[in-house]
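**Student:** Here it is, the structure in full.
There are 2 protein chains.
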Amino acid sequence: MFKRVLIAEDHESTSISVRKTLEDFGITNAEFTYYCDEALMQIRKSLHDDQPFDLLITDLSFEEDHRKQQLAGGVELIEAVKQIHPQLKVLVFSAETNPAVIDSLFKASQINAYVRKARHDAKDLRKAIEYIAQHKTYLSESLKPAIKQKNAFEFSSYDVTLISLLSQGTMQKDIPAYLQQHNIKPSGLSSVEKRLAIMRDSLEFAKNEQLVAYCKDYGII
Amino acid sequence: MFKRVLIAEDHESTSISVRKTLEDFGITNAEFTYYCDEALMQIRKSLHDDQPFDLLITDLSFEEDHRKQQLAGGVELIEAVKQIHPQLKVLVFSAETNPAVIDSLFKASQINAYVRKARHDAKDLRKAIEYIAQHKTYLSESLKPAIKQKNAFEFSSYDVTLISLLSQGTMQKDIPAYLQQHNIKPSGLSSVEKRLAIMRDSLEFAKNEQLVAYCKDYGII
DNA sequence: GCCATTCTTACGGTTTCCCGTAAAGCAATA
DNA sequence: TATTGCTTTACGGGAAACCGTAAGAATGGC
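First to last, the protein sequences are chains W and C.
Numbering of the first sequence is given in full-length UniProt numbering, commencing with residue 1 and proceeding in unit increments.
Numbering of the second sequence is given in full-length UniProt numbering, commencing with residue 1 and proceeding in unit increments.
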């Protein structure tokens with residue numbers, strides 16, 4: 001089992017509960033922090049002291065407060081940590097459900113487990129820790145079907161730009177000007193219209209308002 | 001201090017942490033459930049057994065799963081509970097930040113405390129429990145400025161209906177038919193257009209897409 | 001009952017958006 | 001260079017949304 005565990009989680013109540021779960025594994029010395037930057041510092045220090053952590057449990061979204069942070073959230077934290085301590089096992093404990101985001105965590109960020117904050121998340125967390133200890137990866141059961149569901153439209157950064165502009169009140173006829181100003185191609189009005197039509201079609205939507213609602217729901221914009 | 005406490009919270013990890021906080025007050029027999037319907041049942045039973053609860057700690061949003069529920073969420077639970085047990089103190093523990101929603105909880109639903117899930121929520125929760133025990137109300141510090149801010153526009157249920165329809169892909173020209181079918185007045189297309197124009201104007205928006213994005217952000221739809 | 005006020009609806013003109021088609025641009029290949 | 005295939009743009013007709021105005025219905029006070 002793990003010897004040194006670090007918890008990066010801004011919600012005190014959740015942090016407490018994670019520590020309690022670790023205690024069930026006999027891990028009573030888990031360290032914790034409410035800030036990403038501090039988490040990175042502690043990991044840096046642990047390497048320097050030659051007593052490296054062997055498990056990081058982190059949330060994805062950290063709320064801003066008076067303390068200015070370099071790292072915006074869990075994803076950035078994981079990226080930074082992987083640079084200095086690639087062997088460290090990472091378990092993400094978050095409410096995020098967007099399959100694209102979770103998929104990228106495993107693929108791009110090379111995390112070892114993802115546990116979704118949900119009804120039986122404490123049991124789930126326990127299971128995930130057991131899996132990681134055996135050098136296996138873990139993904140909450142409830143998400144496995146979602147992650148498979150490849151039919152969800154893959155929004156390119158171009159798509160996200162378009163929908164963001166709409167959600168900010170830019171009129172379609174004014175979008176070409178914006179795109180040219182930002183050197184984004186294609187910039188023709190027809191291309192914009194066509195791209196929006198493709199998005200609507202593939203999601204079987206009738207109106208752009210639906211696209212905006214959908215992207216808000218899934219945190220795409 | 002409280003003798004019988006019920007926790008309605010669908011996230012196991014959060015529920016565990018709330019129980020731990022209660023233990024700090026010497027409350028070791030707190031009951032808990034992951035479902036709204038079950039919470040109502042337990043309160044009903046406690047009245048029947050003449051051993052009523054004196055504190056309910058509840059979340060607002062409960063995720064759906066295989067178990068079909070009558071009560072959609074915390075608000076509905078509180079409404080139902082107040083019917084059968086008006087003296088029961090209610091503490092809401094949620095991540096919701098929309099001032100309009102929280103305001104209505106205190107005013108319409110007559111709750112006694114609102115604790116926001118955030119960085120120091122465990123301490124916050126402790127403070128709230130102390131306040132309620134002294135028959136005072138409590139609101140997380142971080143929300144007090146927000147709640148004052150009488151946010152820009154008061155969305156009526158009519159407004160919410162319109163924006164929901166748009167976000168679901170209903171075309172404006174088809175909205176009058178829907179409104180008539182559901183006996184919602186006014187139902188004229190002009191009234192719909194006018195109402196949308198008023199919303200856009202008062203929020204200084206140019207497009208309906210912005211309304212949808214705004215309402216999604218603030219959990220209005 | 002009558003009038004005044006407000007709310008609701010109907011209607012037309014204008015703008016914006018939608019969508020199909022065709023032309024223009026561009027890159028790779030022979 | 002010419003050909004081919006793909007992407008991007010231009011254009012135009014038609015649908016939807018927007019907006020002002022005015023007629024009609026409902027409400028409340030006198």
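Cβ atoms here follow ideal geometry from the backbone N, Cα and C, with glycine treated the same way.
Are three or more beta carbon pairs between the region 38-55 of chain C and the region 86-97 of chain C nearer than 8 Å?
**Tutor:** They touch, by the three-pair rule.
**Student:** Can you find at least 3 beta carbon pairs, one from the region 90-100 of chain C and one from the region 114-121 of chain C, that sit closer than 8 Å?
**Tutor:** Short answer: they touch.
**Student:** Short of 7 Å in beta carbon distance, which residues of its chain neighbour Leu22 of chain W, apart from the five on each side in sequence? Order them along the chain.
**Tutor:** Along the first sequence, one-based indexing puts residue 22 of chain W at 22. Counting only Cβ-Cβ distances below 7 Å, and skipping sequence neighbours, we find Val5 and Ala30.
**Student:** Quick one: give me the first and last residue of the beta strand (DSSP E) that Phe153 of chain C is part of.
**Tutor:** Sequence index remark: in the second sequence, residue 153 of chain C carries index 153 (1-based). Run containing Phe153 of chain C: none; DSSP gives neither H nor E here.
**Student:** Within the 9 Å Cβ cut-off, does Ala197 of chain C reach chain W?
**Tutor:** The residue labelled residue 197 of chain C in the question sits at position 197 within the second sequence. For Ala197 of chain C, the answer is no, since every Cβ of chain W falls outside 9 Å of its Cβ.
**Student:** By the DSSP assignment, the alpha helix (DSSP H) with Thr33 of chain C in it spans what residues?
**Tutor:** Within the second sequence, the letter at position 33 stands for residue 33 of chain C. Per DSSP, Thr33 of chain C belongs to no alpha helix (DSSP H); it is in the beta strand (DSSP E), Glu31 to Thr33.
**Student:** Within 10 angstroms of its Cβ, does Gln210 of chain W collect 16 or more other Cβ (buried), or is it exposed?
**Tutor:** What you label residue 210 of chain W is simply residue 210 of the first sequence in a count that begins at 1. So Gln210 of chain W counts as buried.
**Student:** With 16 as the cutoff for other CB atoms within 10 Å, does Lys173 of chain C come out buried or exposed?
**Tutor:** Taking the second sequence and counting its residues from 1, the one referred to as residue 173 of chain C is at position 173. Exposed: under 16 other Cβ atoms inside 10 Å.
**Student:** Does DSSP put Tyr218 of chain C in a helix, a strand or coil?
**Tutor:** Position 218 of the second sequence holds residue 218 of chain C. Three-state result, Tyr218 of chain C: coil.
**Student:** Name the DSSP bridge partner or partners of Phe93 of chain C?
**Tutor:** The residue you call residue 93 of chain C lines up with position 93 of the second sequence. Partner(s): C:Val115.
**Student:** Under the three-state reduction of DSSP, which class applies to Ser61 of chain W: helix, strand or coil?
**Tutor:** As a working note, residue 61 of chain W is residue 61 in the first sequence. Ser61 of chain W falls in the strand class under three-state DSSP.
**Student:** At a CB-CB cut-off below 8 Å, which residues of chain C make contact with Val212 of chain W?
**Tutor:** Locating residue 212 of chain W in the first sequence gives position 212, where the first residue counts as 1. Near Val212 of chain W (Cβ distances below 8 Å), the residues of chain C are Ser167, Glu209, Val212, Ala213 and Lys216.
**Student:** State yes or no: is the beta carbon of Ile57 of chain W nearer than 9 Å to at least one beta carbon in chain C?
**Tutor:** Counting from one through the first sequence, the residue named residue 57 of chain W turns up at place 57. For Ile57 of chain W, the answer is no, since every Cβ of chain C falls outside 9 Å of its Cβ.
**Student:** Quick check on Ala206 of chain C: does DSSP put it in helix, strand or coil?
**Tutor:** In the second sequence, the residue the question calls residue 206 of chain C occupies position 206. Ala206 of chain C falls in the coil class under three-state DSSP.
**Student:** Are the beta-carbon atoms of Leu143 of chain C and Val18 of chain C separated by less than 9 Å?
**Tutor:** Position 143 of the second sequence, counted from the first residue, corresponds to residue 143 of chain C. Position 18 of the second sequence, counted from the first residue, corresponds to residue 18 of chain C. Their beta carbons are not under 9 Å apart, which means Leu143 of chain C does not touch Val18 of chain C by this criterion.
**Student:** Measure from the alpha carbon of Ser109 of chain W to the alpha carbon of each residue in W:Ala100, W:Lys82 and W:Tyr131, then state which is nearest.
**Tutor:** To locate residue 109 of chain W, count along the first sequence from 1; it is residue 109. It is W:Lys82 whose Cα lies nearest to the Cα of Ser109 of chain W.
**Student:** With DSSP as the reference, please indicate the residues paired to Val212 of chain C in a beta bridge.
**Tutor:** Locating residue 212 of chain C in the second sequence gives position 212, where the first residue counts as 1. In the DSSP output, where bridge partners are listed per residue, Val212 of chain C has none listed.
**Student:** What's the gap between the Cα of Lys192 of chain C and the Cα of Lys216 of chain C?
**Tutor:** Translated into the one-based positions of the second sequence, residue 192 of chain C becomes position 192. Translated into the one-based positions of the second sequence, residue 216 of chain C becomes position 216. Looking at the sequence provided, one finds Val at residue 192 of chain C rather than Lys. For Val192 of chain C and Lys216 of chain C, the distance between alpha carbons rounds to 20 Å.
**Student:** In terms of residue numbering, what span does the alpha helix (DSSP H) encompassing Ala80 of chain W cover?
**Tutor:** In the first sequence, counting from the first residue as 1, residue 80 of chain W sits at position 80. From DSSP, the alpha helix (DSSP H) with Ala80 of chain W extends over Gly74 to Ile84.
**Student:** What's the gap between the Cα of Asp50 of chain W and the Cα of Ile84 of chain W?
**Tutor:** If you number the first sequence from 1, residue 50 of chain W lands on position 50. If you number the first sequence from 1, residue 84 of chain W lands on position 84. For Asp50 of chain W and Ile84 of chain W, the distance between alpha carbons rounds to 13 Å.
**Student:** Are the C-beta atoms of Leu22 of chain C and some chain W residue less than 9 Å apart?
**Tutor:** In the second sequence, counting from the first residue as 1, residue 22 of chain C sits at position 22. Not one chain W Cβ lies under 9 Å of Leu22 of chain C.
**Student:** Can you list the residues of chain W that Val18 of chain C reaches, using a CB-CB cut of under 8 Å?
**Tutor:** Here residue 18 of chain C refers to the residue found at position 18 of the second sequence. Neighbours of Val18 of chain C on chain W, chain order: Ser13.
**Student:** Where does Ile184 of chain W sit, in a helix, a strand or coil, going by DSSP?
**Tutor:** Start at 1 with the first residue of the first sequence, and residue 184 of chain W comes out as number 184. Coil.
**Student:** When the Cα atoms are used, what is the spatial distance from Ser61 of chain W to Ala177 of chain C?
**Tutor:** As a first step, residue 61 of chain W must be located in the first sequence, where it is residue number 61. As a first step, residue 177 of chain C must be located in the second sequence, where it is residue number 177. One C-alpha to the other measures close to 42 Å.
**Student:** Say yes only if the C-beta of Thr137 of chain W is nearer than 8 Å to one or more non-hydrogen atoms of the ligand HEM, and no if none qualify.
**Tutor:** No copy of the ligand HEM occurs in the structure displayed, which carries no ligand at all.
**Student:** From the DSSP output, which residues share a beta bridge with Ile163 of chain W?
**Tutor:** Here residue 163 of chain W refers to the residue found at position 163 when the first sequence is read from its first residue. Ile163 of chain W pairs with nothing; no bridge assigned.
**Student:** Thr28 of chain W: buried (16+ other C-beta within 10 angstroms of its C-beta) or exposed?
**Tutor:** Walking along the first sequence from the start, residue 28 of chain W turns up at place 28. Exposed.
**Student:** So which residues of chain W does Met171 of chain C contact, with C-beta pairs closer than 8 Å?
**Tutor:** Here residue 171 of chain C is taken as the residue at index 171 of the second sequence, counted from 1. Those are Ala206 and Lys207, listed as they occur along chain W.
**Student:** Name the chain W residues whose beta carbon is nearer than 8 Å to that of Arg119 of chain C?
**Tutor:** Numbered from its first residue, the second sequence carries residue 119 of chain C at position 119. Those are Asp10, His11, Glu12, Tyr34, Glu63 and Asp65, listed as they occur along chain W.
**Student:** Could one say the Cβ of Ile221 of chain C lies closer than 9 Å to chain W's Cβ atoms, at least one of them?
**Tutor:** Here the question's residue 221 of chain C lines up with position 221 in the second sequence. With 9 Å as the cut-off, Ile221 of chain C counts as an interface residue toward chain W.
**Student:** Express the C-alpha separation of Gln70 of chain C and Leu162 of chain C in angstroms, rounding to a whole number.
**Tutor:** Taking the second sequence and counting its residues from 1, the one referred to as residue 162 of chain C is at position 162. Taking the second sequence and counting its residues from 1, the one referred to as residue 70 of chain C is at position 70. Distance between the alpha carbons of Leu162 of chain C and Gln70 of chain C is about 25 Å.
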